[in-house]
Every structure is written in C-alpha cells, then in structure tokens.
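**Student:** Counting in numbering that gives the first Met the number 0, the sequence shown runs without a single skipped number right up to 213 at its last residue. Using N, Cα and C, we set each Cβ at its ideal position, and we do this for glycine too. Computed from a predicted structure; not experimentally measured. Quick one: the structure is below, questions incoming.
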Amino acid sequence: MSELKELSSLDLSALVASRVCHDIISPVGAITNGLEVLDEEGSEDMREFAMDLIRKSARQASAKLQFARLAFGAAGSAGAEIDLGDAQVVATGFMENEKSDLDWQVARHLMPKNLVKLLLNLILIANQCVPRGGEISVLMEGEPSSPSFILTAKGLNPRIPLGMQETLSGEEPERVDAHSVQPIYTVLLARECGMSLSMSKEEDTVRITAQKAA
Numbered sequence: 000m001s002e003l004k005e006l007s008s009l010d011l012s013a014l015v016a017s018r019v020c021h022d023i024i025s026p027v028g029a030i031t032n033g034l035e036v037l038d039e040e041g042s043e044d045m046r047e048f049a050m051d052l053i054r055k056s057a058r059q060a061s062a063k064l065q066f067a068r069l070a071f072g073a074a075g076s077a078g079a080e081i082d083l084g085d086a087q088v089v090a091t092g093f094m095e096n097e098k099s100d101l102d103w104q105v106a107r108h109l110m111p112k113n114l115v116k117l118l119l120n121l122i123l124i125a126n127q128c129v130p131r132g133g134e135i136s137v138l139m140e141g142e143p144s145s146p147s148f149i150l151t152a153k154g155l156n157p158r159i160p161l162g163m164q165e166t167l168s169g170e171e172p173e174r175v176d177a178h179s180v181q182p183i184y185t186v187l188l189a190r191e192c193g194m195s196l197s198m199s200k201e202e203d204t205v206r207i208t209a210q211k212a213a
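And the structure:
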C-alpha cells in the first residue's frame, strides 16, 4: 500500500471524520425535518408522526455516535483497555438500526483498545457484505491480549464489496477517499495490532478473520 505510506495523519483523520459525518447526516436531517413539521402542522396526526420520527432518528444518531466514538475515537490514553461488554452494547445499539441481526459470541473481558476498535471495524465491514439483511456472528478465539477474531455475515445474496478483499489482504487501493477510508483504517489498525486480515465467500456466507501475523 504505497499510497497509504504517503497518507498523513491529518489526511487520515479528515477522511475518517468525513465518513463519520456522512453516517450521522441522515438521522440528524430527519430530526430537523420532524421539527419543521411540528412548527408548520396543526394536525395532531402529523405532530405524532413528527414526534415518532424525531425519537427514532435521535436514537439512531446516538447509537451511531456512540459506536463511532469507540470504533474511531481515542477511548482513553495510550495502552488503555476497553471492556468488551461496552463494545457489545454499542455494537448492538448500532446494529438495531441496520438490516442484519448481530450474534455476539464474545465473552466479557478487558481488551487493549486497538483490538476492540479493530473488532468493531470488522463488524462494519461484515455489515456491508449483507446489504439485504441477514445475520452477523462475532466470535473470538485465544486470550484477550492475543486474540483471533472470526466474523461471518450470512444472508440473501451476500457479496464482498468491490476492492474490499484486496484492501484487507494488503493490496494498494485504487483510491483513498472518504468512501474507502473505513477498510483502510481497519487495515492500519490490524497492522498496529500485529494482525493480518483475510476475507472469503462461500455460497450464502462471507467470512472475515483477523489473526496474528506470521
């Protein structure tokens, strides 16, 4: 990934921020629309519709922000550990607004923060593989300080997004932008953790693994 070697920390942070903002714009915009309906409509039915929209969108925005804070944010000082129970809570909250169900099969432990961030970013990637909905299973093998992650995305017509498999395997992406930055960020996290990533598809299942690099 020669292009990534030239990617400055400022450029990376700007692209990640752009990605997070993109995810938040929709529910925040829906809240704004709901407030406008409350201001303009006198109908009780429309006011109730607007309040339902505001409540739902506020929960969605909150879930996305909490997930992004843990998946992309600092989440404590260098060397900090994160409770996997907290990671499960934010991942479950995030997936409640998605088409797929989350099957979290990871026991509660304290884990180095970058490993937790890696796991959450792998969930984002798995979710992209079942755009029509399905189930995402999350498993961990080994000790919390040196784990292997196994994620499976199963659903109707699952797919591996264009270029995703190559990016995760370490090939240089065709372009580095806000659209592609999340898998790139995931690869950088894996490198920081001394792990390698792989991705494969068999029939109705996409499998993603992260394990210690050879």
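Closest by CA to I24, which one among K55, V186, E35 and A60?
**Tutor:** On the sequence shown, position 25 is the one that residue 24 refers to. Cα-wise, what sits closest to I24 is A60.
**Student:** For P160, tell me which candidate among F148, S145 and P182 has the shortest Cα-Cα distance.
**Tutor:** Against the sequence shown, residue 160 aligns to sequence position 161. Taking only the C-alpha atoms, the option nearest P160 is P182.
**Student:** What residue range is occupied by the uninterrupted alpha helix (DSSP H) comprising R260?
**Tutor:** Outside the shown range of the chain (0 to 213) lies residue 260, about which nothing can therefore be said.
**Student:** Is the distance from the Cβ of A177 to the Cβ of L9 below 8 Å?
**Tutor:** Position 178 of the sequence shown, counted from the start, is the residue given in the question as residue 177. Position 10 of the sequence shown, counted from the start, is the residue given in the question as residue 9. Contact: no.
**Student:** Whole angstroms are fine: how far does the CA of L37 sit from the CA of S145?
**Tutor:** Here residue 145 corresponds to residue number 146 of the sequence shown, with the count starting at 1. Here residue 37 corresponds to residue number 38 of the sequence shown, with the count starting at 1. Going from the Cα of S145 to the Cα of L37 covers about 52 Å.
**Student:** Pull up the DSSP beta-bridge partners for V137, would you.
**Tutor:** Taking the first residue of the sequence shown as position 1, residue 137 is located at position 138. V137 is bridged to W103 and L150.
**Student:** Per DSSP, K219 is paired with what?
**Tutor:** Shown here, the chain extends from 0 to 213; a query on residue 219 therefore has no answer.
**Student:** How many angstroms separate the CA atom of K98 from the CA atom of L114?
**Tutor:** Within the sequence shown, the letter at position 99 stands for residue 98. Within the sequence shown, the letter at position 115 stands for residue 114. For K98 and L114, the distance between alpha carbons rounds to 25 Å.
**Student:** Take S147 and list the residues in its own chain whose beta-carbon comes closer than 6 Å to its own, dropping the five residues that flank it on each side.
**Tutor:** By 1-based counting over the sequence shown, the position of residue 147 is 148. So the list reads E140, G141 and Q210, once near-sequence residues are dropped.
**Student:** Is it true that the CB of L150 sits closer than 8 Å to the CB of S197?
**Tutor:** One-based indexing of the sequence shown puts residue 197 at position 198. One-based indexing of the sequence shown puts residue 150 at position 151. No.
**Student:** With H, G and I counted as helix, E and B as strand and the rest as coil, what does DSSP make of S1?
**Tutor:** Position 2 of the sequence shown, counting from 1, holds the residue named residue 1. A caution first: S1 carries a pLDDT of 46, below 50, which makes its placement in the model too unreliable to give a value.
**Student:** Does the Cβ-Cβ distance between I124 and L101 come in under 8 Å?
**Tutor:** On the sequence shown, residue 124 is found 125 positions in, with the first residue counted as 1. On the sequence shown, residue 101 is found 102 positions in, with the first residue counted as 1. It is not a contact, given that the beta carbons lie outside the stated cut-off.
**Student:** Roughly how many whole angstroms lie between the Cα atoms of G41 and L52?
**Tutor:** Taking the sequence shown and counting its residues from 1, the one referred to as residue 41 is at position 42. Taking the sequence shown and counting its residues from 1, the one referred to as residue 52 is at position 53. Between G41 and L52, the C-alpha separation is close to 16 Å.
**Student:** Can you name the start and end residues of the beta strand (DSSP E) that K98 belongs to?
**Tutor:** The residue you call residue 98 lines up with position 99 of the sequence shown. First-last for K98: undefined, no H or E at that position.
**Student:** List the endpoints of the continuous beta strand (DSSP E) containing D82.
**Tutor:** To locate residue 82, count along the sequence shown from 1; it is residue 83. Per DSSP, D82 belongs to the beta strand (DSSP E) from E80 to D82.
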